[in-house]
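Participant:
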Amino acid sequence: MAKGEFLLEVRCEEIPARMLAPALRELGTRVFEELMARRLPPTEIETGFTPRRLVLALTGLPEREPDRQEDVTGPPVSVAFGEDGSPTSAAVGFAKRCGIDPSQLERRETPRGEYVAALQSIRGRATSEVLAELTPRLLAGLTWPKSMRWATSQGPWARPIHGIVALFQGSVVPFELFGIASGQTTMGHPVLSPKSFDVSSFEDYRKRLAANGIEIDFEQRRATLVKRMKAAATALGGELVDDELLLDKLSSICAIPGVVEGRFDRSFLELPREVLIASLRDHQSALTVQSRGKLLPVFLTVMDRLDDPEGRVRAGNEWVVAARLADARFFYAEDCKRPLADRAVDLENLSFHARLGSYADKSERVVELCRLIGNALELEAETEEAVEAARLLKIDLTTEMVKEFTSLQGMMGGVYARTEGHPEPVWKAIYEQYQPTSTSDPVPSAIASRIVGLADRVDTIVGILGLGLVPTGSKDPFGLRRAAQGVVRIALEGEMEVDLDLVAAKAYQCYEDRLDLPGEEVLATWRPFLFDRVRHILGREGYAYDEIEAARVVGGSNLPDLRARVDALNKIRQEPAFLDVVLAAKRIANILRDTPEKRLREELLAEEAEMILYQAYVGLKNDVDRSEAEGQYEHCLRAIAKFSDVLDRFFVEVLVMDENEDLRNNRIALLQAIQRTLSRTAALTEVVVEKKSGESANA
Amino acid sequence: MSSFQDLALKLSTFWAERGCVYQQPYDLEVGAGTMHPDTFLRVLGPEPWRTVYVQPSRRPADARYGENPFRLGKHYQLQVILKPAPQDVQRVYVDSLEAMGIDLALHDLRFEEDNWEAPTLGAWGLGWQVMLDGMEITQFTYFQQAGGIELEPISAEITYGLERITMFLDLSRNVYEVDWVESGVKYGQVRHQDEVEFSKYYFETANVEFLRAQFEGNEAESARCLEAGLVLPAYECALKCSHQFNVLDARGAVSVTERVDLIKRVRRLAVSCAQAYVETREALGYPLLETSASDKGTGKESAPRKRVEKKPVKTRAAKKKKMKKKSAKAETNGEG
């Protein structure tokens, strides 16, 4: 046994797979924190789980808490000592309680007056005693996404508890949880090896379970399962079609990572690949095997045992799979009886949202938005492809297949469009319409797909926001955040150079009078909603908040353009000349605050410094105008950075607030013109300047 | 392998031997064994209760004119309620599989998360779908709430799908070919005409106006019964509403928005009945608590007894909670 070992096992009825790993993480962390607070640091923490057990093993724990001295405050000095300075009964009693002689009492000045104090030696508790106190408390306090009560007044916990092993250095740590006393007895697999047995240490425990095929380490179990699956796939003459999520799930619903393989009738291979994979995955948690890109008529899944002595497990799984695939084939054949285009009428009866109309209405709006986006991008062919895809986009929601396998929505429409011979960009745009579904999912590959992806999502967001249903906290029933995330990623990663505010405005228009809120109000909600995602995504790419903000004020909702501005700013912001011009811009903004627009008259320029400034301004304006048009934002910012010298001279030599009103207004007009040019590429006033060079920032 | 009736008999006997009241099916059309008052109402309140019965369960929308080898408009559920759920209920359940003749040493048995929720009954619970060799053979649920009321003690509900299990054990591909009697009458010989005629009725013949009128009538009658303090008749009316809704739905006579409304109305009836049932049992002094005390003096049974004094207080608290919920509901309804 490892020195200072604490072994904890909680045996219970099957806990849902998704809850296990988070629960173990929480338990490990909480136990560690509490032990550290008691100066009982473990050297190693190991956790493990199966559906029926949570396991925690600590090593290197000291025998007991270190002894410590604690300062204990007693009665006030005025009470503790008599007039002659001798200790009163209060002081004697206090000293006795602290286990010291009254002569050892000390005096302490406190805000409430002078008090008697004692240094008390406190003997550390035995580690076992500490564990007996904290373990049941932390176990009972675990947070579960859903918890239950059982029997009479037991729980709440994830599932009923049946046994606890708690051993410190091989001896039982005694406690009780939900009426179950801890001990050293556990058992194997509930059906295959239900005999209970005693364990003495973690190593012993692992060994005894392993002898029954049970692996408590999740990663180890997953690795073994994957290895066995791959070997089985090879033996079947193919390779495993990878599905990491499904492998995670399969590894967490078993204690023994056994693999069962099965066959299905070859005729099912006529079904589209997507359908076979989804049917096997969603209904049977089974993986498929392919050879040279083609599926084989076999499947692999997990069984919570190592062997299948009479082939019953395989026969049972094959029986279920055959029934499931027969269902899938029936649905597919039914769907193929009517081409997508003929089904368009069915969308009229399918509600997108009670107050936003049917999916037929949605499709019409998305067609309009595709036109707008495509035209803005000046892409004729892709626009037509997108429009055609938009017309067919949601029709698969009326198919039997999607009703049965919601995970196939979009993909299924694409498959049917492909079968019907629609051009590749069209069926792809339907197929990929929900991409990206997660942060690791790529944006659609084709332009038409991206146009459709933007149009569909903007339509949804504007519609829902237009009803005043802004997502709050964890409540986002229409998935608007994810939709907005998709919009931003498609625009940024897909280089879609289109002003999304215009798309949103058009979307609002397309809803005609369906929406409750006025258009301005909806757009005022839309912009920050979208920009929350922009900030998040650009922030993750390493750009600073103020850079994004400075570009946003100027660049608006053409996101690739926005990113180019942010990037230019990011590259130049550390340069001293640029920082100077930022400070100058802030100074100008302060001077000009609340001043109405004035007209610049060249003939009123009086002093040399202001004439030089004017000329420099004209040069800068031409340069910036040209470079802006070409999207050369870094060049613009470099040109602007050079401007700080002339500005500085102007501020030193010229008094803006001249007594002469005409001169004064003319100088204000000049600064206003300069301010406009300085802020063409990014709002310099938004750039945060660090303290050391910032003393004049508020001038 | 076991015939259909063998299975029903073995399971009924198994559970009857473990202290269950061997009850008969409810004599009304219901969608599931859960709706039998001996489940839905008996799980409420402090009284202990154990029962087993087969409940023919109607799902009009699943009817297939007797042509689909797997789907039926009416199937048979074997329902078990154990209240309070004994500590070893899961193990006893596994024993019941062995009693059915399944040698678990040859099979893969797993309990996969499946949380049960019946919005029309204001009920939910946590549990599993029990998978045997990849096939779902049982729903196992620890009831947490019914009729919108938090349950104490907790009941375990075990629901076996008899057709599916018989088919599966036989690896049969057609439910109608399954033996009802071993090497004798087939399931199809007993039930096929029933499936064909009721499919026609549900999908083609049912008189929508008549059913609507019945729904409205039963809804009103349920409320009248409740006002008269007659919980069980009120609950029967609610069950009739539920079935008439299912037929209307299968007939294609219910629009999406109407659907939501009808479900809400059935729920309201079921929840009112649950509430009223708790009150009547309290007024009767919880008769089954007495029975359990005199009949069984085992250590296991003593747990619920201890709670007798506390119980009324809890019930009142539950009532208050319920009323709060109700008023919150009313507000949401007002908005919509």
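Sequence lines, in order, name chains A and B.
According to the numbering used here, the first sequence is numbered sequentially starting from 835.
According to the numbering used here, the second sequence is numbered sequentially starting from 901.
Where is the CB? At the ideal position from N, CA and C, for every residue including glycine.
Straight-line CA distance for glycine 989 (chain A) to aspartate 1161 (chain A)?
Facilitator: If I take the Cα positions, the gap works out to 41 Å.
Participant: Express the C-alpha separation of phenylalanine 1002 (chain A) and alanine 1056 (chain B) in angstroms, rounding to a whole number.
Facilitator: About 36 Å.
Participant: Hey, out of A:Gln1408, A:Met1445, A:Gly1389 and A:Ala1423, whose CA is closest to glutamate 1462 (chain A)'s CA?
Facilitator: For the residues A:Gln1408, A:Met1445, A:Gly1389 and A:Ala1423, the minimum Cα distance to glutamate 1462 (chain A) belongs to A:Gly1389.
Participant: Of all Cβ atoms in chain B, is any one closer than 8 Å to the Cβ of alanine 1517 (chain A)?
Facilitator: No, alanine 1517 (chain A) does not count as interfacial toward chain B.
Participant: Taking only three categories from DSSP, how would you classify alanine 951 (chain A)?
Facilitator: Strand at alanine 951 (chain A).
Participant: If you count every other CB in all the chains shown that lies within 10 Å of the CB of asparagine 1424 (chain A), and 16 or more means buried, which is it?
Facilitator: Classification of asparagine 1424 (chain A): exposed, given that the 10 Å Cβ count is below 16.
Participant: Using a threshold of 8 Å, state whether the C-beta atoms of valine 1249 (chain A) and glutamine 1267 (chain A) are closer than that.
Facilitator: Contact: no.
Participant: If you reduce the DSSP assignment to three classes, tell me which class glutamate 1462 (chain A) lands in.
Facilitator: DSSP places glutamate 1462 (chain A) in helix when its eight states are reduced to three.
Participant: How many Å lie between alanine 803 (chain A) and methionine 982 (chain A) at the Cα?
Facilitator: Any question about residue 803 (chain A) goes unanswered here, given that chain A covers just 835 to 1533.
Participant: At a Cβ threshold of 8 Å, is methionine 1000 (chain B) touching chain A?
Facilitator: Judged by the 8 Å Cβ criterion, methionine 1000 (chain B) is not in contact with chain A.
Participant: Under the three-state reduction of DSSP, which class applies to tyrosine 1060 (chain B): helix, strand or coil?
Facilitator: In this structure, tyrosine 1060 (chain B) counts as strand in the three-state DSSP scheme.
Participant: Between the C-alpha atoms of glutamate 940 (chain A) and proline 896 (chain A), what's the straight-line distance to the nearest angstrom?
Facilitator: For glutamate 940 (chain A) and proline 896 (chain A), the distance between alpha carbons rounds to 33 Å.
Participant: Would you say asparagine 1151 (chain A) reaches chain B, if we count a Cβ-Cβ gap shorter than 8 Å as a contact?
Facilitator: Yes, because at least one Cβ of chain B sits closer than 8 Å to the Cβ of asparagine 1151 (chain A).
Participant: Buried or exposed for glutamine 1449 (chain A), going by 16 or more other Cβ atoms inside 10 Å?
Facilitator: Counting Cβ neighbours within 10 Å, glutamine 1449 (chain A) comes out exposed, since fewer than 16 surround it.
Participant: So which residues of chain A does aspartate 1161 (chain B) contact, with C-beta pairs closer than 8 Å?
Facilitator: In chain order: nothing, as chain A lies at least about 12 Å away.
Participant: If you reduce the DSSP assignment to three classes, tell me which class alanine 1106 (chain B) lands in.
Facilitator: Note: alanine 1106 (chain B) maps to coil in three-state DSSP.
Participant: Is there a Cβ of chain B sitting closer than 8 Å to that of alanine 857 (chain A), yes or no?
Facilitator: No, alanine 857 (chain A) does not count as interfacial toward chain B.
Participant: Hey, how far is the Cα of alanine 1067 (chain A) from the Cα of histidine 1092 (chain B)?
Facilitator: Those two C-alpha atoms are separated by around 43 Å.
Participant: I want to verify the contact list: residues of chain B whose CB lies under 7 Å from the CB of glutamine 1118 (chain A), in sequence order.
Facilitator: Correct list: Gly1034.
Participant: Would a check of beta-carbon distances place arginine 1151 (chain B) closer than 8 Å to chain A?
Facilitator: No, no contact with chain A.
Participant: Are the C-beta atoms of arginine 964 (chain B) and some chain A residue less than 8 Å apart?
Facilitator: So, not an interface residue.
Participant: Could you name the residues of the same chain whose beta carbon sits closer than 6 Å to that of arginine 1483 (chain A), not counting the 5 residues immediately before and after it, in chain order?
Facilitator: If we look at arginine 1483 (chain A) and ignore the five residues flanking it on each side, its Cβ neighbours are Ala1443.
Participant: For valine 994 (chain B), go through chain A and note every residue whose CB falls closer than 8 Å to its CB, in chain order.
Facilitator: By Cβ distance, chain A contributes Pro1024 and Val1025.
Participant: Strictly under 8 Å for the Cβ-Cβ distance: is lysine 980 (chain A) near chain B by that measure?
Facilitator: Closer than 8 Å: yes.
Participant: Closest to serine 1274 (chain A) by C-alpha separation, out of A:Gly1320, A:Pro1394 and A:Pro1259, would be which residue?
Facilitator: Nearest C-alpha to serine 1274 (chain A): A:Gly1320.
Participant: Give the secondary structure of isoleucine 1207 (chain A) by DSSP, where H, G and I count as helix, E and B as strand, and everything else as coil.
Facilitator: Looking at isoleucine 1207 (chain A) - three-state DSSP - the assignment turns out to be helix.
Participant: Note the first and the last residue of the continuous beta strand (DSSP E) segment covering aspartate 1032 (chain A).
Facilitator: That run of the beta strand (DSSP E) goes 1030-1032.
Participant: Threonine 1020 (chain A) and arginine 845 (chain A) look like a contact to me (Cβ under 8 Å); what is the Cβ gap, rounded to whole Å?
Facilitator: With a Cβ gap of about 6 Å, threonine 1020 (chain A) and arginine 845 (chain A) count as contacting.
Participant: Going residue by residue through the region 1427-1479 of chain A, where are the continuous alpha helix (DSSP H) segments of at least 4 residues, counting only ones entirely within it?
Facilitator: The qualifying runs are 1442-1464 and 1467-1475.
Participant: Cβ of arginine 1399 (chain A) within 8 Å of Cβ of threonine 1515 (chain A)?
Facilitator: In this structure, threonine 1515 (chain A) lies closer than 8 Å to arginine 1399 (chain A) by Cβ.
Participant: So is glutamate 943 (chain A) buried or exposed if we call it buried at 16+ other beta carbons inside 10 Å?
Facilitator: Exposed, because fewer than 16 other Cβ atoms sit within 10 Å of the Cβ of glutamate 943 (chain A).
Participant: Among A:Glu1331, A:Ser1192 and A:Cys1344, which has the Cα closest to the Cα of aspartate 1293 (chain A)?
Facilitator: Among A:Glu1331, A:Ser1192 and A:Cys1344, the Cα nearest to that of aspartate 1293 (chain A) is on A:Cys1344.
Participant: May I ask you to list, following chain order, the residues of the region 1136-1169 of chain A that have a beta carbon less than 7 Å from some beta carbon of chain B?
Facilitator: Answer set for the region 1136-1169 of chain A: Met1137, Asp1138, Arg1139, Pro1143, Glu1144, Arg1146, Val1147, Ala1149, Gly1150, Asn1151, Trp1153, Val1154 and Ala1157.
Participant: Please tell me whether serine 987 (chain A) has its Cβ less than 8 Å away from any Cβ of chain B.
Facilitator: True, the Cβ-Cβ gap to chain B drops below 8 Å.
Participant: Closer than 7 Å by beta-carbon distance: list the chain B residues that pair up with serine 1185 (chain A), in chain order.
Facilitator: Result: Val1156.
Participant: Alanine 1156 (chain A) to proline 969 (chain B), Cα distance in whole Å?
Facilitator: Rounded to whole angstroms, alanine 1156 (chain A) to proline 969 (chain B) spans 12 Å at the Cα level.
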